[in-house]
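J.: Structure provided below as structure tokens; questions to follow.
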Amino acid sequence: MNTSTTVWRRILLAAAAPVAAVLLALVLSSLVLLVVGSDPLDAFGRMVRHALRLETMVDILNRATPLYISGIAAAVGFRMGLFNIGVEGQYLLAAIVAAHVGALVALPAFLHIPFIVLVAMTVGAAYSGFAGVLKVTRGINEVISTIMLNAIAVSGLVAFLINRWQSGGAVTGGVGRVGTEPIPSSGRIPDLNGFVELFTREITQGKRLTGVLVIAVLAGVVFHLLINRTRFGYDLRASGINPIAAQVGGIPPKRMIVMAMIISGAFAGLVGLTEIMHIGFFPANPIQGLGFTGIAVALLGRNRAVGAALAALLFAFLDVSSGVLQFSGAPREIVVIMQGIIILAAVIAYEVARRAREREEARTAAEALEVNETEEVVA
Amino acid sequence: MKKSVRYLAGLLALAMVVAACGDEGEGPGGDDAPHVGLVFDIGGRGDQSFNDAAAAGLDKAVAELGVTKSEASPNDDGSNRAELLQLAADESDIVIAVGFLFEGDAAAVAAENPEVNFAVVDTPMINGETNEPYSDNTAGLVFAEHEGSFLVGAAAALKSETGVIGFIGGVSGMGGLIEKFEAGFVAGARAVNPDIEIVRQYITAAPDFDGFVAPDRGREIALSMYEDNGADIIYHAAGLSGSGLFDAAKEFSEASGSKVWAIGVDSDQYNTAGDEVKDYILTSMLKRVDVAVFEIIKAHIEGNFASGPQEYDLSVDGVGYATSGGFIDDITDTLDDYKAKIVSGEIEVPTTPAP
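Those protein sequence lines, which keep their order, are chains A and B.
Sequence positions in the first sequence follow this note's numbering and run 77 to 455.
Sequence positions in the second sequence follow this note's numbering and run 1421 to 1775.
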């Protein structure tokens, strides 16, 4: 009986922190809304009602997909105690190279799609692995090197390559959008509208649920198994918790650092797939910033596969709510404020929960000790 | 542990109390006056440029035409443009989007909402495959830039002391887009002084679009025009690269002791380029986004909404010149004479540059 209550307490404690963070964010953003003269309940009501529409759900899932993959990429590093800030540069570089190479080759779909995915993962892994190599051979902190590599990738390589590789105005559906040569349809992941519509009504407004969602789910499963069910994952977690103990235990730290960065980068390479495999090319004005939001997603999701999924959905929901808030007269910035408060509150709440757990463990240990002592006395 | 649980319980209770006093308010709607949904480009109100101009046009329409309005601007990464257009369409009779980046999304959302009119600023909204408007309910708000450039060309010729003026284009060969500015500028300057020398240079040629975002190269070209060619006024149609021209004007003026000028483009750059360089900005060629927004709302109300490119020219003040700083107050009469002649058709401004 004692153990089962402890388990329940632990689950409660784990869930309490993020829930408390969201509640705190709700309360504080209500105050902000009141200050700027909007009715918070009306605003939140609109957000929820909007989010319950099928088309909005498609928007939320489309937005959450790259956020989730980006969160997973960051989480790989975090579990090892590495701060890979370079997801941003890694995914943009991977996306443009994969889009270009993917448009050059003619393959059947069952080869074309894996080929593009593989190219994207390889580029991301190589670019991120470089930061890992710099760390183990030259002792350069990965925070510094990945920030620098971001600048080189985004303002340097991608800006250069987009000029080189852009087709003379890609026309899709009559709309001229500047970007790389379009990927043939065999290299595009079909949307999931047909599948979803089996269970719901027809998706209107021309919304398409990205098929990359499937890749995101697979990435989450692979991440979970890799971290929790493999020798490598055990080594990674051990190195993250106590690098010196891990080294003493025979885990080579340098190899682990490079491997963790490579795997993190391979996941990062997948982030841009929504852009290139859903719309079919790399646009001259791609969505940027997903790499940084991914860090927040990993943080809020406690670097766990399921946690990051919930965090990505929450962030996507807030992003998508920005429009409906504005049309109800509330400022758009409320969404950014809420996201910021949720992150801050989560960090604090996790720390509070961690301390509570430690006290709990100390207490159980003390109780067990007492029981043992009494037993000994009795004996 | 107990303490944190208590806090948590308190927080929960507070949230429930807050939640309990809610009412299900419905949004506005259902009245007779048309509703206008304005979707800004990233940044929204306060950018001192196209967004603010569009907002001014909408505010005027609210005041003078009695329309109701709602506004929104995209997330910082621009990821929700299409969603905003759809939300605007849900509650509006006409949706106006600021900036050519909305073209694709507006065409798609317009096709899904045939009963709502859509207007996008700074793009003709022409289907690239058929060369027709995307649909009957999509209009593009474009400007007679050559006519506005004519006036600032005339201003440059009137104000030049060396008899040499310059033109810096961002990117050449984009279907003659920037050449239109050059054509008007040259025609205007020569209308004042047929013998004036005009040095012209483009920063890059399409498909290299760096010319719009290369202030360093804009600065070098401008410095060479001031130093080597003896130009004392330079007009730019080079987007962000124009800031290099402004820096060069200040730099050369301070180094040589004789004041040289720059002419801005699109919005009143005296107000937007920064305090250090504003005293070197003689005037700016204005695209009056406010006029275009007001006019398209008016056309919608009067049942005259037409699809495809809607060009706003001097006759409706769709283009013009800025007087901020008061540097050209002495020649506005002459410029307004030219304007009247262009409006009456007496002067026809070319859209391709004379050699």
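The C-beta atom is built at its ideal place from N, Cα and C for all residues, glycine as well.
Treat the numbers as computed from the prediction; the structure is a model and nothing was measured.
How big is the Cα-Cα spacing for Y1554/B and G1463/B?
T.: Taking the second sequence and counting its residues from 1, one reaches residue 1554/B at position 134. Taking the second sequence and counting its residues from 1, one reaches residue 1463/B at position 43. So the two alpha carbons sit approximately 27 Å from each other.
J.: Provide the residue span of the beta strand (DSSP E) that contains S1704/B, from first to last.
T.: The residue you call residue 1704/B lines up with position 284 of the second sequence. Its beta strand (DSSP E) spans residues 1701-1707.
J.: Taking the C-alpha atoms as reference points, what is the distance between S1592/B and P266/A?
T.: Here residue 1592/B refers to the residue found at position 172 when the second sequence is read from its first residue. Here residue 266/A refers to the residue found at position 190 when the first sequence is read from its first residue. So the alpha carbons of these two residues sit roughly 38 Å apart.
J.: What number of angstroms, rounded off, separates the C-alpha of A92/A from the C-alpha of P359/A?
T.: As a position in the first sequence, residue 92/A is number 16, starting the count at 1. As a position in the first sequence, residue 359/A is number 283, starting the count at 1. Going by the C-alpha atoms only, they are around 42 Å apart.
J.: Would a check of beta-carbon distances place R1426/B closer than 8 Å to chain A?
T.: Here residue 1426/B is taken as the residue at index 6 of the second sequence, counted from 1. Only weak support is given to the placement of R1426/B: the predicted model assigns it a pLDDT of 49, under 50, and the value that follows is read from those uncertain coordinates. Taking Cβ atoms only, chain A never reaches closer than 8 Å to R1426/B, which makes this a no.
J.: Going by DSSP, what residues sit across from F1587/B in a beta bridge?
T.: Translated into the one-based positions of the second sequence, residue 1587/B becomes position 167. Answer is R1620/B, Y1655/B.
J.: Report all residues from its chain with a CB closer than 8 Å to the CB of E1446/B; omit the five preceding and five following residues, and keep chain order.
T.: Looking up residue 1446/B in the second sequence gives position 26. At E1446/B the pLDDT is 33, less than 50, meaning the model places this residue with poor confidence and gives no usable figure here.
J.: What are the residues in the region 395-408 of chain A lying within 7 Å of chain B by C-beta distance?
T.: Those residues of the region 395-408 of chain A that come within reach of chain B (Cβ to Cβ, closer than 7 Å) are D395, V396, S398, G399, V400, Q402, F403, S404, R408.
J.: Assuming K1489/B is part of the beta strand (DSSP E), what are its boundary residues?
T.: The residue given as residue 1489/B occupies position 69 in the second sequence. Per DSSP, K1489/B belongs to the beta strand (DSSP E) from 1488-1492.
J.: Hey, how far is the Cα of V428/A from the Cα of V95/A?
T.: By 1-based counting over the first sequence, the position of residue 428/A is 352. By 1-based counting over the first sequence, the position of residue 95/A is 19. Whole-angstrom Cα-Cα distance: 13 Å.
J.: Using a Cβ-Cβ cut-off of less than 8 Å, give me the residues of the region 137-162 of chain A that come near chain B, in sequence order.
T.: Taking 8 Å as the Cβ-Cβ cut-off against chain B, the residues of the region 137-162 of chain A that qualify are R139.
J.: Looking at chain A, which residues of the region 1554-1573 of chain B have a Cβ within less than 8 Å of any of its Cβ atoms?
T.: Answer set for the region 1554-1573 of chain B: Y1554.
J.: For the region 372-381 of chain A against the region 140-153 of chain A, do three or more pairs of beta-carbon atoms, one drawn from each stretch, fall closer than 8 Å, so that the two count as touching?
T.: Cβ pair count under 8 Å is three or more, so yes.
J.: Would you kindly check if the distance between the Cβ of A1607/B and the Cβ of P1770/B is under 8 Å?
T.: Locating residue 1770/B in the second sequence gives position 350, counting from the first residue. Locating residue 1607/B in the second sequence gives position 187, counting from the first residue. Yes.
J.: Cutting at 8 Å between CB atoms, please list the residues of its own chain near E1491/B, excluding the five before and the five after it.
T.: Here the question's residue 1491/B lines up with position 71 in the second sequence. For E1491/B, where only same-chain residues beyond five positions count, the Cβ hits under 8 Å are G1457, L1458, V1459, F1460, G1464, R1465, A1475, L1478.
J.: Sort I1716/B, F1570/B, M1645/B by Cα distance to V1487/B and report the nearest one.
T.: Mapped onto the second sequence, residue 1487/B falls at position 67. Here the closest residue by C-alpha is I1716/B.
J.: Name the one or two DSSP bridge partners that G200/A has.
T.: Against the first sequence, residue 200/A aligns to sequence position 124. DSSP output for G200/A lists no bridge partner at all.
J.: Below 8 Å, can you find three or more Cβ-Cβ pairs linking the region 1654-1668 of chain B to the region 273-283 of chain A?
T.: Contact fails: fewer than three Cβ-Cβ distances are below 8 Å.
J.: Using beta-carbon positions only, say whether V199/A and V173/A come within less than 8 Å of one another.
T.: Residue mapping note: residue 199/A aligns to position 123 of the first sequence, counting from 1. Residue mapping note: residue 173/A aligns to position 97 of the first sequence, counting from 1. Cβ atoms of V199/A and V173/A: closer than 8 Å.
J.: Using alpha carbons as the reference points, say which of T1754/B, D1753/B, E1722/B, V1763/B lies closest to D1737/B.
T.: For the purposes of this step, residue 1737/B is taken as residue 317 along the second sequence, with counting starting at 1. Ranking the options by Cα distance to D1737/B, first place goes to V1763/B.
J.: Do V400/A and R129/A have their beta-carbon atoms positioned less than 8 Å apart in this structure?
T.: The count along the first sequence starts at 1 and reaches residue 129/A at position 53. The count along the first sequence starts at 1 and reaches residue 400/A at position 324. Against a cut-off of 8 Å, the Cβ pair of V400/A and R129/A comes out as no contact.
J.: Could you give the DSSP three-state label for V382/A: helix, strand or coil?
T.: Position 306 of the first sequence, counted from the first residue, corresponds to residue 382/A. In the structure shown, V382/A sits in a helix (DSSP, three-state: H, G or I).
J.: With N1402/B as the anchor, note down where its alpha helix (DSSP H) starts and where it stops.
T.: Residue 1402/B lies beyond the residue range present for chain B, which begins at 1421 and ends at 1775; the question has no answer from this structure.
J.: Please name the residue, chosen from I1653/B, S1644/B, G1684/B, that lies closest to S1469/B on a Cα-to-Cα basis.
T.: As a position in the second sequence, residue 1469/B is number 49, starting the count at 1. The candidate whose alpha carbon is nearest that of S1469/B is G1684/B.
J.: Quick check on K330/A: buried or exposed, where buried means 16 or more other Cβ atoms within 10 Å of its Cβ?
T.: As a first step, residue 330/A must be located in the first sequence, where it is residue number 254. Exposed is the call here.
J.: For L137/A, which residues in the same chain have their Cβ closer than 7 Å to its Cβ, ignoring the five residues on either side in sequence?
T.: Locating residue 137/A in the first sequence gives position 61, where the first residue counts as 1. Closer than 7 Å at the Cβ level, and outside the excluded window around L137/A, lie L285, L289.
J.: Does the beta-carbon of T1772/B have 16 or more other beta-carbons within 10 angstroms, so that it is buried, or is it exposed?
T.: The count along the second sequence starts at 1 and reaches residue 1772/B at position 352. Its Cβ having fewer than 16 others within 10 Å, T1772/B is exposed.
J.: Please report the distance separating the alpha-carbon of I1748/B from that of H1566/B.
T.: Your numbering for residue 1748/B matches position 328 in the second sequence. Your numbering for residue 1566/B matches position 146 in the second sequence. If you take the alpha carbons of I1748/B and H1566/B, they lie about 20 Å apart.
J.: I417/A by DSSP, collapsed to three states: which one?
T.: By 1-based counting over the first sequence, the position of residue 417/A is 341. I417/A falls in the helix class under three-state DSSP.
J.: Let me see if you follow: with CB-CB separation under 8 Å, is I363/A close to chain B or not?
T.: To locate residue 363/A, count along the first sequence from 1; it is residue 287. Interface residue, yes.
J.: From the DSSP secondary-structure annotation, give me the bridge partner or partners of H1455/B.
T.: Here residue 1455/B corresponds to residue number 35 of the second sequence, with the count starting at 1. For H1455/B, which the question treats as bridged, DSSP gives the partners T1488/B.
J.: Report the rounded CA-to-CA distance for A1509/B versus K283/A, giving the unit in angstroms.
T.: Locating residue 1509/B in the second sequence gives position 89, counting from the first residue. Locating residue 283/A in the first sequence gives position 207, counting from the first residue. When rounded, the distance between both Cα atoms is 15 Å.
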